[in-house]
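Read through the structure below, which is laid out as structure tokens, and then see the notes.
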Amino acid sequence: MIFSRKRADEARDNGVLDAEETSSAPDRGPYDVSEAPEAPRLDLGSLQIPAVPDVEVRVQADPQGVIQQVVLVHGQNALQLGVFAAPRSDGIWDEVREEIRQSLAADGATVQEADGERGPELRARVRTPDGPTDLRFVGIDGPRWMVRGVFQGVAATDAAAAGPLTECLDGLVVDRGQEAKPVREPLPLRLPREVAEQQADAGQQEV
Numbered sequence: 491m492i493f494s495r496k497r498a499d500e501a502r503d504n505g506v507l508d509a510e511e512t513s514s515a516p517d518r519g520p521y522d523v524s525e526a527p528e529a530p531r532l533d534l535g536s537l538q539i540p541a542v543p544d545v546e547v548r549v550q551a552d553p554q555g556v557i558q559q560v561v562l563v564h565g566q567n568a569l570q571l572g573v574f575a576a577p578r579s580d581g582i583w584d585e586v587r588e589e590i591r592q593s594l595a596a597d598g599a600t601v602q603e604a605d606g607e608r609g610p611e612l613r614a615r616v617r618t619p620d621g622p623t624d625l626r627f628v629g630i631d632g633p634r635w636m637v638r639g640v641f642q643g644v645a646a647t648d649a650a651a652a653g654p655l656t657e658c659l660d661g662l663v664v665d666r667g668q669e670a671k672p673v674r675e676p677l678p679l680r681l682p683r684e685v686a687e688q689q690a691d692a693g694q695q696e697v
């Protein structure tokens with residue numbers, strides 16, 4: 491399923507749009523919903539995706555509208571996004587990054603850690619049926635959450651090529667919610683209500 495920029499422009503969360511910018515808000519995101527500046531975004535529940543020209547938002551969802559995967563695509567580059575629960579006190583990207591490194595190395599991938607614009611990141615070359623593929627893993631710790639991004643394409647080896655995908659990452663908003671969750675549990679993502687209803691109607695028509 492692909493969302494156009496028009497749909498993203500129409501997707502606005504009242505809580506986000508009513509929020510006022512404060513001097514303590516960070517210069518860029520991912521933002522916590524409590525400190526996000528106003529902007530049109532596609533509301534997927536725990537993640538709100540900014541509307542950036544020429545970036546497609548592709549999601550895989552089950553019949554109930556629960557999203558299994560979110561991928562942003564711009565040209566030949568892609569950015570897969572995930573958001574996870576984290577402790578109130580400490581970030582988890584350092585531990586998660588090491589686990590990813592060990593897992594990739596065990597699968598025979600070439601992995602190295604590098605200092606990226608957002609701090610330590612992983613760059614890997616993995617074997618696929620279509621040949622070697624480069625991946626770049628970035629992680630951002632927030633208040634009780636962590637966003638993980640995986641760049642593919644030229645953006646995996648050249649951060650400058652990420653362009654609009656980086657703009658999307660900088661404009662993300664995370665709505666963690668107040669309920670207690672196990673550390674590292676994926677935060678729930680859902681299709682916008684009108685999209686889920688359209689999907690359900692389409693499924694009934696197919697039957």
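Counting from 1 along the sequence shown, just add 490 to a position and that's the residue number in the numbering used here. Heads up, the beta-carbon is just placed ideally off N, CA and C, and yes, glycines get one too.
Selected residue, minimal CA-CA separation from residue i, among the options
| i | options | result |
| --- | --- | --- |
| Leu-655 | Gln-558, Val-547, Met-636, Asp-624 | Val-547 |
| Leu-679 | Asp-517, Ser-524, Pro-520, Val-549 | Val-549 |
| Glu-669 | Leu-534, Gln-554, Ala-575 | Ala-575 |
| Ala-595 | Asp-552, Leu-612, Lys-671, Gly-629 | Leu-612 |
| Pro-676 | Trp-635, Glu-684, Val-663 | Trp-635 |
| His-564 | Val-586, Glu-525, Gln-554, Ala-645 | Ala-645 |
| Asp-580 | Glu-525, Val-673, Leu-681 | Val-673 |
| Leu-662 | Leu-562, Gln-554, Gly-609, Arg-578 | Leu-562 |
| Pro-516 | Gly-632, Asp-648, Gly-639, Val-685 | Gly-632 |
| Gln-566 | Arg-615, Ala-651, Cys-658 | Ala-651 |
| Val-573 | Ala-614, Gly-643, Pro-610, Gly-535 | Gly-535 |
| Leu-537 | Glu-525, Tyr-521, Pro-527 | Tyr-521 |
| Gly-643 | Ala-599, Arg-608, Leu-569 | Leu-569 |
| Phe-641 | Val-560, Ile-582, Ser-593 | Val-560 |
| Arg-615 | Arg-578, Ala-526, Ala-599, Pro-577 | Ala-599 |
| Lys-671 | Glu-585, Arg-531, Pro-577, Glu-589 | Pro-577 |
8 Å contact criterion, which residue i and residue j should meet: CB distance rounded
| i | j | result |
| --- | --- | --- |
| Arg-591 | Val-601 | 5 Å |
| Asp-665 | Val-523 | 4 Å |
| Arg-587 | Gly-629 | 6 Å |
| Ala-529 | Pro-540 | 6 Å |
Residue i - containing alpha helix (DSSP H), residue span
| i | result |
| --- | --- |
| Glu-588 | 583 to 596 |
Burial state of residue i (16 or more Cβ within 10 Å)
| i | result |
| --- | --- |
| Pro-543 | exposed |
| Val-637 | buried |
| Gly-519 | buried |
| Gly-621 | exposed |
| Leu-681 | buried |
| Gln-554 | exposed |
| Arg-626 | buried |
| Gly-639 | buried |
| Gln-558 | exposed |
| Ala-604 | exposed |
| Val-506 | Model confidence at Val-506 stands at a pLDDT of 40, short of 50, so the residue's coordinates are unreliable; what they give is reported in the following sentence. By the 10 Å Cβ count, Val-506 comes out buried. |
| Asp-597 | exposed |
| Asp-648 | exposed |
| Glu-684 | exposed |
| Asp-533 | buried |
Neighbour flag for residue i against chain C, beta carbons, 8 Å
| i | result |
| --- | --- |
| Val-644 | In the displayed structure, chain C is absent; only one protein chain is listed. |
Where the beta strand (DSSP E) containing residue i begins and where it ends
| i | result |
| --- | --- |
| Gln-550 | 546 to 551 |
| Arg-453 | A query on residue 453 cannot be resolved here, the shown segment of the chain reaching from 491 to 697 and no further. |
| Glu-611 | 609 to 618 |
| Val-563 | 557 to 564 |
| Val-601 | 600 to 606 |
| Gly-639 | 635 to 642 |
| Ala-645 | Element bounds for Ala-645: n/a, residue is neither H nor E. |
| Leu-534 | Careful: Leu-534 lies outside any beta strand (DSSP E) and carries neither H nor E. |
| Val-573 | 567 to 575 |
beta-carbon residue i near the ligand NAP non-hydrogen atom, thresh 7 Å
| i | result |
| --- | --- |
| Leu-662 | No copy of the ligand NAP appears in this structure; indeed no ligand is present at all. |
Scan the segment 647 to 688 and note each continuous beta strand (DSSP E) run of 3 residues or more that stays entirely inside, going in chain order.
Fully enclosed beta strand (DSSP E) runs of no fewer than 3 residues are not present anywhere in the segment 647 to 688.
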